[in-house]
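Beneath this line is the structure, given in C-alpha cells, with notes to follow.
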Amino acid sequence: MAVFSEDTQLLLSDPTDDERVKEDNCLFSWFLNLFKKPHKSLDNCSFGNFPFDPEGNLRKRLRLKEVKYKDKQSGSGDSVEMVNAHKLQIKFNYDLYNKIQKLVQTNKSDSRRLPVTQDLYRYEFGPGFVEGILGMKAGGIRRIIFPPDGGLTVLQVQDYAVLDVELLQVCPSPDAPSLDSHNLFGEFPFYEGKPKEEYIRDHYTNVPRSDVKYLDAFVPAHSHNALPNHGITKLKVKFKFNLYYESKELHRSSKANSNSDYSAAEVHLCSHSFGEGFVEGIQGMKKGGIRRIIVPVSKKDQKDSYSILSKMKNYAVFDVELLEFGPSLVCHHRGQIAGEETPVCFC
49 MAVFSEDTQL LLSDPTDDER VKEDNCLFSW FLNLFKKPHK SLDNCSFGNF
99 PFDPEGNLRK RLRLKEVKYK DKQSGSGDSV EMVNAHKLQI KFNYDLYNKI
149 QKLVQTNKSD SRRLPVTQDL YRYEFGPGFV EGILGMKAGG IRRIIFPPDG
199 GLTVLQVQDY AVLDVELLQV CPSPDAPSLD SHNLFGEFPF YEGKPKEEYI
249 RDHYTNVPRS DVKYLDAFVP AHSHNALPNH GITKLKVKFK FNLYYESKEL
299 HRSSKANSNS DYSAAEVHLC SHSFGEGFVE GIQGMKKGGI RRIIVPVSKK
349 DQKDSYSILS KMKNYAVFDV ELLEFGPSLV CHHRGQIAGE ETPVCFC
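In C-alpha cells:
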C-alpha cells in the first residue's frame, strides 16, 4: 500500500452521522408532521397579485433572464441545498400558471391533492426547477418565476411560467447516482469486444499511449460550479474515489470495506500523490458529478514512493465523485514563496 507524504494533505473524514439519521428518520417524518403545529397549505395560501399586474399579465419588470422567487411560508424541516440536491427525493404539491395567470397544470384533482414524489437527479421538471427550490425547507411554500429559457421543462408553457410549490418532505433518494451504483460506467474502458477499445489496450501494441481520457456518468444540470482549466493547481478538492488497476482489480478506495460508507479525501492540487494525470482528468467536473478517468502512469509516478500510482504499470482508472472545491491556503502560500500571483477564487 502506498505511503502518503505530508505534502499530500489527504484527509479522510468519516461519513457524517447526519445522513444516516436523516435516512433512518425519513420514513417517519411524514407521520410526525401530522402532530406539528398546523400551517398553511397551498390551497389556503395567497400570494396576492404577485407577480401579475391588475390585468393579470406578468409584470414587465419581472420578465428577466434568471429564475426569481418569493417565499410565502418558511418551512422548518430538512432543506434542499445545492451541495446535495442531486441526492435528494422530495414530495410536494404544485400549481403551474402561464404568464397570463392561467392555471395550466396542477396535482390537484376533484378538490384533493396527490403529492408528487420526485428524485431531483432525474430533472423531470427540468434543472430550473431544482434551482428554484434551492434553500426551501419542508413545510415551506414558494412562488417561482421562470423565464422562457429558465430550465423548466413543461410542455404546456413555452414562455414565462409561474410555479407555486408546497414542499412537504425532503429525504435521501434511494437510487441517486453514486460510486456504488450498479453498472454506472458499463464495462468502459475494460470492454474487449469489437472494435476493441483503445484506452486500456494501447500498451499491448506499438501505438503510443493515449492521453488522459474520461467518461462522465453523472453531471448535475443545476450546478454551475465546475473545476476550471486555469488555476486549478491552486485549489483543494474533496471527493470520494475508487482506483483500479488496468486489469479492473481494485487498488485503493476512500471506502474502508464493502460494508462501510465512503469517506471524503481532501487534496491540495499543488502537491498530491494521485499522479500527474489526475488534475487534468478532473478539470471541468461539477460539484456532485461522477466521472471515470483513465490516466497513463508516468515513470515519475512509478518511481515516486509517495505516489498512489507507484505500484501500477501502464494505466490507472479512477472513479471520482466530486464533493467540494475551493481555494487552497497551502497552495497559496507556496505560490507566494515561489513568487507567483495571488490565486483566483473559483469557489
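This note's numbering numbers the first residue of the sequence shown as 49 and each following residue consecutively.
Even glycine gets a Cβ: it sits at the ideal position worked out from N, Cα and C.
Counting the other CB atoms within 10 Å of its CB gives Val315 a total of 16 or more, which places it among the buried residues. The beta carbon of Tyr208 sits closer than 8 Å to the beta carbons of Leu106, Arg111, Asn146, Lys147, Ile193, Phe194, Pro195, Pro196 from its chain, once the five residues preceding and following it are set aside; these are given in chain order. The three-state secondary structure of Cys219, taken from DSSP, is strand. An exposed status is given to Asn277, since fewer than 16 other beta-carbon atoms sit within 10 Å of its beta-carbon. Collapsing the DSSP output to three states places His316 in a strand. Between Asn132 and Asn155, the gap from beta carbon to beta carbon reaches 7 Å or more. If you look at Gln350, you'll find it in the alpha helix (DSSP H) that goes 347 to 351. For Glu369, the enclosing beta strand (DSSP E) has its first and last residue at 363 to 375. In this structure, Lys185 lies away from Asn273, with their beta-carbon atoms at least 7 Å apart. Sequence-distant partners of Gly198 (beyond 5 residues in either direction) whose C-beta falls short of 7 Å from its own C-beta, in its chain, are Val115, Gly176.
A buried status is given to Ser376, since no fewer than 16 other beta-carbon atoms sit within 10 Å of its beta-carbon.
Taking the Cα of Val345 as reference, the smallest distance to any Cα among Lys361, Lys282, Ser94 is reached at Lys361. For Lys284, the closest of Phe236, Ser319, Val260 by C-alpha to C-alpha distance is Ser319.
Under DSSP, Gln121 shares a beta bridge with Ile189. For Gln137, the beta-bridge partners assigned by DSSP are Asp167, Cys219. About 6 Å separates the Cβ atoms of Leu215 and Gly123, confirming a contact at the 8 Å cut-off. Between His270 and Val213, the C-beta spacing is not below 7 Å. Close CB contacts of Leu232 within its chain, under the 6 Å cut and outside five residues either way in sequence, are with Ala265 (chain order). Here His381 is actually not in contact with Lys282; their C-beta atoms are around 11 Å apart, not less than 8 Å. Beta-bridge partners of Ala224 (DSSP): none assigned. For Pro175, the enclosing alpha helix (DSSP H) stretches over residues 175 to 181.
Per the coordinates, the alpha-carbon of Asn97 lies some 32 Å from the alpha-carbon of Leu136. Val267 places its beta carbon less than 7 Å from that of Gly337.
In the DSSP assignment, Val343 falls within the unbroken beta strand (DSSP E) covering 338 to 344. Taking the Cβ atoms as the reference, Val368 lies roughly 5 Å from Phe289, within the contact range of under 8 Å.
By the neighbour-count criterion, in which a residue is buried when 16 or more other Cβ atoms sit within 10 angstroms of its Cβ, Arg160 is exposed. Secondary structure at Val378: helix, using DSSP grouped into helix, strand and coil. Nearest neighbour of Lys113 by Cα position, chosen from His134, Val152, Ser311, Leu200, turns out to be Leu200.
Going by DSSP, Phe287 is part of the beta strand (DSSP E) stretching over 283 to 293.
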